[in-house]
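These notes concern the structure reproduced below.
Residue numbers (my numbering), protein chains in the order written: chain A, 1 to 268; chain B, 1001 to 1085.
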């Protein structure tokens, strides 16, 4: 009887006040999130002083992060070089019609592996002009996801790598167009005909957000008789270590679940 | 009563401080520690509300609430069989 009463009460409150429970939970989570970040920072800093192995590991992680950021910059530069002329023409025509971009910064309060579904909870919401569908960028400028739910002072972001998500991408210098499927944990896979398969290290772009790459090809697997190669890639930045994101409030990017195998974008 | 408060406090802390699955495991274990642990429904529902995606292109099912309901229902005969007070 008590269980039935609890169920009815929860459903009734959620139905009458759809955002009330989330806002309550978000308010409770804020000090916990700050505590988690503080504890995490303290533990890692103690480890670097006490253990030489720990300090080397930390330094290694830092260098890897720097290297991935440099790789992203390098890929961006290469793409810029090859497309410079075309972009100049595009920019000239877009400047006449497009509205100026507006960006909002937000801290990440919940991220994988603490949250499931490859989603983030961020500390900015509709009060900062964020709306459903706004693209979300990491601090190196990579578009990593879109706004899925908005509350007055917080929002939920679904990453492109979320299982059940598909995005249209172009791969490598051949600009082969295909659909990348999110696999969770910041990873993607896509099937490409063996004849058009990219090389390891080739950049993958979402055309709307080019020249900043979505990721870099990490592995290509195909048997000798296979027509298609399974290509895996992941975000240049580690999603488990991100602290801040940028939200482009002037654009909307719609991602559809994998059942339809489509992803579209619009500019408003 | 003291045990109930302690268990729920531990779940609350792990819900916001640790990976989501840890709080889930703790809630399941609590079914066999605390008698008539109906709070698992609240935690399942809280999981769906806080982490679930609703209203946009992705609409996740209320897995937390559903699994909590099934586990709660299943825990009653299991507790009787394994003679936990």
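Even for Gly, the Cβ is constructed at its ideal location relative to N, Cα and C.
For residue i, decide whether its Cβ has a neighbour in chain B, counting only Cβ atoms nearer than 8 Å.
i, result
"residue 78 of chain A", "no"
"residue 244 of chain A", "no"
"residue 16 of chain A", "no"
"residue 167 of chain A", "no"
"residue 59 of chain A", "no"
"residue 54 of chain A", "no"
"residue 160 of chain A", "no"
"residue 209 of chain A", "no"
"residue 174 of chain A", "no"
"residue 12 of chain A", "no"
"residue 113 of chain A", "yes"
"residue 156 of chain A", "yes"
"residue 262 of chain A", "Confidence at residue 262 of chain A is low in this model, with a pLDDT of 41, below 50, so the placement of that residue should be treated as unreliable; the coordinate-derived value is given next. It does not; no Cβ of chain B falls within 8 Å."
Measuring only the C-alpha atoms, how far is residue i from residue j?
i, j, result
"residue 223 of chain A", "residue 217 of chain A", "18 Å"
"residue 1009 of chain B", "residue 228 of chain A", "52 Å"
"residue 1079 of chain B", "residue 128 of chain A", "50 Å"
"residue 1027 of chain B", "residue 74 of chain A", "47 Å"
"residue 6 of chain A", "residue 1039 of chain B", "9 Å"
"residue 20 of chain A", "residue 142 of chain A", "32 Å"
"residue 1019 of chain B", "residue 1071 of chain B", "20 Å"
"residue 268 of chain A", "residue 1046 of chain B", "Because the pLDDT of residue 268 of chain A is 37, which lies under 50, any placement of that residue in the model is unreliable, and the question is left without a value."
"residue 108 of chain A", "residue 119 of chain A", "10 Å"
"residue 1060 of chain B", "residue 158 of chain A", "11 Å"
"residue 152 of chain A", "residue 1024 of chain B", "28 Å"
"residue 263 of chain A", "residue 1077 of chain B", "Its pLDDT being 41, under 50, residue 263 of chain A is placed unreliably by the model, and the measurement read from it follows with that caveat. Answer to the nearest angstrom: the Cα atoms are 48 Å apart."
"residue 64 of chain A", "residue 72 of chain A", "12 Å"
"residue 1006 of chain B", "residue 1035 of chain B", "13 Å"
"residue 132 of chain A", "residue 1001 of chain B", "44 Å"
"residue 199 of chain A", "residue 225 of chain A", "19 Å"
"residue 47 of chain A", "residue 53 of chain A", "Because residue 47 of chain A carries a pLDDT of 49, less than 50, the predicted location of this residue cannot be relied on, and no value is offered for it."
"residue 1051 of chain B", "residue 1042 of chain B", "14 Å"
"residue 102 of chain A", "residue 12 of chain A", "38 Å"
"residue 194 of chain A", "residue 176 of chain A", "12 Å"
"residue 114 of chain A", "residue 1017 of chain B", "8 Å"
"residue 130 of chain A", "residue 242 of chain A", "20 Å"
"residue 1 of chain A", "residue 1069 of chain B", "13 Å"
"residue 1074 of chain B", "residue 1066 of chain B", "12 Å"
"residue 238 of chain A", "residue 197 of chain A", "25 Å"
"residue 10 of chain A", "residue 247 of chain A", "32 Å"
"residue 269 of chain A", "residue 244 of chain A", "No answer is possible for residue 269 of chain A: the residues shown for chain A start at 1 and end at 268."
Taking only beta-carbon positions, decide if residue i is within less than 8 Å of chain A.
i, result
"residue 1037 of chain B", "no"
"residue 1019 of chain B", "yes"
"residue 1070 of chain B", "no"
Give the interface partners of residue i over in chain A, defined as CB-CB distance under 7 Å, in chain order.
i, result
"residue 1067 of chain B", "Those do not exist, as residue 1067 of chain B stays about 13 Å from chain A at its closest Cβ, beyond 7 Å."
"residue 1046 of chain B", "25"
"residue 977 of chain B", "Coverage of chain B is limited to positions 1001 through 1085, which leaves residue 977 of chain B absent and any answer about it impossible."
Going along chain B, which residues have a C-beta under 7 Å from residue i?
i, result
"residue 254 of chain A", "1057"
"residue 21 of chain A", "1049"
"residue 117 of chain A", "1051, 1053, 1060"
Closer than 9 Å by beta-carbon distance: list the chain A residues that pair up with residue i, in chain order.
i, result
"residue 1032 of chain B", "The contacting residues do not exist; residue 1032 of chain B stays about 17 Å from chain A at best."
By the criterion of Cβ-Cβ separation under 8 Å, what are the contact partners of residue i in chain A?
i, result
"residue 1016 of chain B", "28, 29, 32, 33, 36"
Using the beta-carbon of each residue, which ones in chain B are nearer than 8 Å to residue i?
i, result
"residue 164 of chain A", "1058"
- [ ] For the region 167 to 178 of chain A and the region 127 to 140 of chain A, state whether three or more C-beta atom pairs, one from each stretch, are separated by less than 8 Å.
- [x] The region 167 to 178 of chain A makes no contact with the region 127 to 140 of chain A, as fewer than three CB pairs between them are under 8 Å.
- [ ] Report yes or no: do three or more beta-carbon pairs, one from the region 58 to 68 of chain A and one from the region 174 to 186 of chain A, lie closer than 8 Å?
- [x] The region 58 to 68 of chain A makes no contact with the region 174 to 186 of chain A: fewer than 3 CB pairs, one atom from each, lie closer than 8 Å.
Task: alpha helix (DSSP H) segments (min. 4 residues) lying fully within the region 177 to 216 of chain A - done: Counting only runs of 4 or more residues that sit fully inside the region 177 to 216 of chain A, no alpha helix (DSSP H) segment turns up.
- [ ] May I ask you to verify whether the region 226 to 241 of chain A touches the region 188 to 198 of chain A, counting CB pairs closer than 8 Å and requiring at least 3?
- [x] Contact between the region 226 to 241 of chain A and the region 188 to 198 of chain A is present, with at least three C-beta pairs closer than 8 Å.
- [ ] Pick out the complete beta strand (DSSP E) segments inside the region 91 to 168 of chain A, 3 residues or longer, and give them in chain order.
- [x] Runs of the beta strand (DSSP E) inside the region 91 to 168 of chain A: 103 to 110, 119 to 122, 135 to 137, 143 to 151, 154 to 159.
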